[in-house]
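One line per chain: the protein sequences are A and B, in this order. As numbered in this note's numbering, residues 513 to 745 make up the first sequence, in order. As numbered in this note's numbering, residues 513 to 745 make up the second sequence, in order. What follows is a short report on a single structure.
Protein chains: 2
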Amino acid sequence: MDKIIETVMEKYPKKSFEYAVVAVDVVLFTVVRNKLHALLLELDREEFPNMWALPGGLVAPNEKLEQAAERHLRERANATNAHIEQLATFGDPDRDPTGWVVSVAYMGLIAPHSFSPKTSTRYKSIEWYPVDELPSLAYDHQEIIKTAVERLQGKLSYTNIIYSLVPEEFTLSELQNSYEIILEKELDKRNFRKKFLSLDLLEELPKKASGGAHRPAVLYRFTEKTPQIISIL
Amino acid sequence: MDKIIETVMEKYPKKSFEYAVVAVDVVLFTVVRNKLHALLLELDREEFPNMWALPGGLVAPNEKLEQAAERHLRERANATNAHIEQLATFGDPDRDPTGWVVSVAYMGLIAPHSFSPKTSTRYKSIEWYPVDELPSLAYDHQEIIKTAVERLQGKLSYTNIIYSLVPEEFTLSELQNSYEIILEKELDKRNFRKKFLSLDLLEELPKKASGGAHRPAVLYRFTEKTPQIISIL
DNA sequence: CCAAAAGTGTTCAGTATACACCCATGG
DNA sequence: CCATGGGTGTATACTGAACACTTTTGG
Numbered sequence: 513m514d515k516i517i518e519t520v521m522e523k524y525p526k527k528s529f530e531y532a533v534v535a536v537d538v539v540l541f542t543v544v545r546n547k548l549h550a551l552l553l554e555l556d557r558e559e560f561p562n563m564w565a566l567p568g569g570l571v572a573p574n575e576k577l578e579q580a581a582e583r584h585l586r587e588r589a590n591a592t593n594a595h596i597e598q599l600a601t602f603g604d605p606d607r608d609p610t611g612w613v614v615s616v617a618y619m620g621l622i623a624p625h626s627f628s629p630k631t632s633t634r635y636k637s638i639e640w641y642p643v644d645e646l647p648s649l650a651y652d653h654q655e656i657i658k659t660a661v662e663r664l665q666g667k668l669s670y671t672n673i674i675y676s677l678v679p680e681e682f683t684l685s686e687l688q689n690s691y692e693i694i695l696e697k698e699l700d701k702r703n704f705r706k707k708f709l710s711l712d713l714l715e716e717l718p719k720k721a722s723g724g725a726h727r728p729a730v731l732y733r734f735t736e737k738t739p740q741i742i743s744i745l
Numbered sequence: 513m514d515k516i517i518e519t520v521m522e523k524y525p526k527k528s529f530e531y532a533v534v535a536v537d538v539v540l541f542t543v544v545r546n547k548l549h550a551l552l553l554e555l556d557r558e559e560f561p562n563m564w565a566l567p568g569g570l571v572a573p574n575e576k577l578e579q580a581a582e583r584h585l586r587e588r589a590n591a592t593n594a595h596i597e598q599l600a601t602f603g604d605p606d607r608d609p610t611g612w613v614v615s616v617a618y619m620g621l622i623a624p625h626s627f628s629p630k631t632s633t634r635y636k637s638i639e640w641y642p643v644d645e646l647p648s649l650a651y652d653h654q655e656i657i658k659t660a661v662e663r664l665q666g667k668l669s670y671t672n673i674i675y676s677l678v679p680e681e682f683t684l685s686e687l688q689n690s691y692e693i694i695l696e697k698e699l700d701k702r703n704f705r706k707k708f709l710s711l712d713l714l715e716e717l718p719k720k721a722s723g724g725a726h727r728p729a730v731l732y733r734f735t736e737k738t739p740q741i742i743s744i745l
């Protein structure tokens, strides 16, 4: 698989083609340090000095788009088991100065600390960036991230996908906190708990969270981790 | 522009490529005869005997994806002024037997009778088909239509896009009828009128609809035809 | 005993739903 | 005068929003 990609890379021309190069880019989100973060790679190319980009790359022939997105997340960032879904496709002729590259963007969601990003070749570094403090971004990746944030905010309100952004076990306060950070608004604690527990998506665990100088919180777990349409907030 | 496309068509190989061919396909919807219809073209190719396909075709280099979608609607079906938005991208390696074609699908909405489809070369005929009585479809166009119908149903409920599916002037009953057909459920007349009029999207016209053996209905018009997020039903 | 987060119910307002009859017209 | 679709109001249930104090723990 990688051999094919390298072959394509060598042939990658500098100008427009009659055929397009098809790429995938993934906006991988997680919530840490009270901010929504996206995973970014620092480019090591002269055309883009000190610029960052989304994890992604070419799609191989005989490869499905979603598989390509998963593969690049794995190869570039060592991330597996993220929930990913297609976001939108960006194909403006001038979006990549090196030629006609049509990029199918994906949104990925992953629980914090569930993998350790490691730099791959061709990149200087890999970093989680808060989406409101992004560095200088290559291509149209700024626009892609903006689209992804809006999609995430929208889907939080009518689906259960939050399950892929929190750890296996979590407290209701942590869950509420994730919503507040992503939706950028405060929620009422009593209303949130009442509503969320009534949805029957969670099971209470026998143990409790400890660790602070305060009353221990009950730990919960999602009973089902498959996407569902439900009115949440 | 067309010359470039023909050039690409001639080179269109029979097997996989390292570069993909990028195409657009449009699911153009309208509501007529109490059914949701999609526009289809009858193929004239040996590989697909008696099969139908969505209007669409290749994207030219230096062309934006959405422009390509509009152009193909125009060239293949003589349709202009449809509201179109990107739906999803379909890129499975085996979705097109002739090679690796990545298709960016669009959803289009157009008022009934607002254009006259005319057959272009390379197609035997062009026809509106009810989405629940589709003919045999080429490629993965069945799946694309299914995705489009679901998207349309979803967006009707939280946006004002119905404006692009009804004529310039319409009665509230016609509007309600469009909702009922697409959402596949009956709505209460009094509640529908109360709700819709309270949204302040419509203006009443001085004239009335005539034509039946019954009381003439007030005609309305959308005051604004730009997409908005609003809770409708 | 103090600080910190966990946990818990009720009231109110606004919105969604259910429901039935008279009106204006053409034929 | 009759068939057809147009047009109207009220009562009830439900849901979202606002709001403050007690509990449990660690230090």
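Don't be surprised by glycine CBs; every beta carbon is placed ideally from N, CA and C.
Short CB-CB distance (under 9 Å) between residue i and chain A
i, result
"B/V614", "yes"
"B/K576", "yes"
"B/R588", "no"
"B/Q740", "no"
"B/G723", "no"
"B/T671", "no"
"B/D537", "no"
"B/D644", "no"
"B/K526", "Unreliable positioning characterises B/K526 in this predicted model, as indicated by a pLDDT of 37, which lies under 50. A coordinate reading is not provided."
"B/P605", "yes"
"B/P718", "no"
"B/Q654", "no"
"B/Y531", "yes"
"B/T592", "no"
"B/T471", "In this structure chain B extends from 513 to 745, so residue 471 of chain B is not present and cannot be described."
"B/Q598", "yes"
Among the options, the one whose alpha carbon lies nearest that of residue i
i, options, result
"B/I673", "B/Y641, B/S743 and B/V544", "B/S743"
"B/E578", "B/L599, B/V544, B/W564 and B/E558", "B/L599"
"B/V543", "B/T738, B/D556, B/N574 and B/Q688", "B/Q688"
"A/L570", "A/R583, A/N546, A/P561 and A/F560", "A/R583"
"B/N593", "B/Y531, B/K701 and B/E680", "B/E680"
"A/E645", "A/L552, A/K707, A/L711 and A/I741", "A/L552"
"B/K667", "B/L684, B/F560 and B/Y691", "B/Y691"
"B/N574", "A/P609, A/G568, A/E587 and A/E559", "A/P609"
"A/Q665", "A/K636, A/E696, A/P739 and A/A729", "A/E696"
"B/T738", "B/Y635, B/K706 and B/S676", "B/S676"
"A/D556", "A/E698, A/Y635, A/R607 and A/K707", "A/Y635"
"A/G611", "A/T735, A/F734, A/A729 and A/Y531", "A/Y531"
"A/D606", "B/P605, B/L713, B/D606 and B/K576", "B/K576"
Cβ-based neighbour list, residue i, same chain, cut-off 7 Å, excluding 5 preceding and 5 following
i, result
"A/A581", "V536, V538, I596 and Y618"
"B/E686", "V678"
"B/I656", "D537, V539, L566, F602 and A617"
"A/L585", "V538, L540, P567, A591, A594 and G620"
"A/N562", "S648"
Beta carbon proximity, residue i to chain B, threshold 9 Å
i, result
"A/A623", "no"
"A/K515", "Unreliable placement is indicated for A/K515, whose pLDDT of 40 sits below 50; no coordinate value is reported for it."
"A/Q665", "no"
"A/V571", "yes"
"A/T542", "no"
"A/V534", "yes"
Beta-carbon proximity list for residue i, same chain, < 6 Å, skipping 5 on both sides
i, result
"A/S615", "A535, D537 and F602"
"B/K630", "N590"
"A/P647", "W564"
"B/Y524", "With a pLDDT of only 43 at B/Y524, under 50, the local geometry of the prediction cannot be trusted, and the value read off the model is given with reservation. Correct list: empty, nothing qualifies."
"B/K701", "none"
"B/S626", "none"
"A/V533", "V613"
"A/L745", "S669"
"A/V643", "L548, A550 and V661"
"A/Q740", "N672"
"B/R705", "L684"
Neighbourhood of residue i by C-beta distance below 8 Å, restricted to the same chain and skipping five residues each side
i, result
"B/I693", "V543, N546, K547 and L548"
"A/L731", "E681, F682, T683, E716, L717, K719, K720 and A721"
"B/W640", "T542, V544, H549, A550, L551, L552 and P629"
"B/A725", "none"
"B/E698", "E692"
"A/R588", "L553, P567, G568, G569, S632, Y635 and I638"
Contact between the stretch 608-625 of chain A and the stretch 658-671 of chain A (3+ Cβ pairs under 8 Å): yes
Contact the stretch 637-653 of chain B vs the stretch 700-719 of chain B: 3+ CB pairs below 8 Å: No, they do not touch.
Completely contained alpha helix (DSSP H) runs for the stretch 642-692 of chain B, where each covers 4 or more residues: 653-670
Please list the segments of the beta strand (DSSP E) lying wholly inside the stretch 564-627 of chain B, counting only runs of 3 or more residues, in order along the chain. 568-570, 595-602 and 613-621
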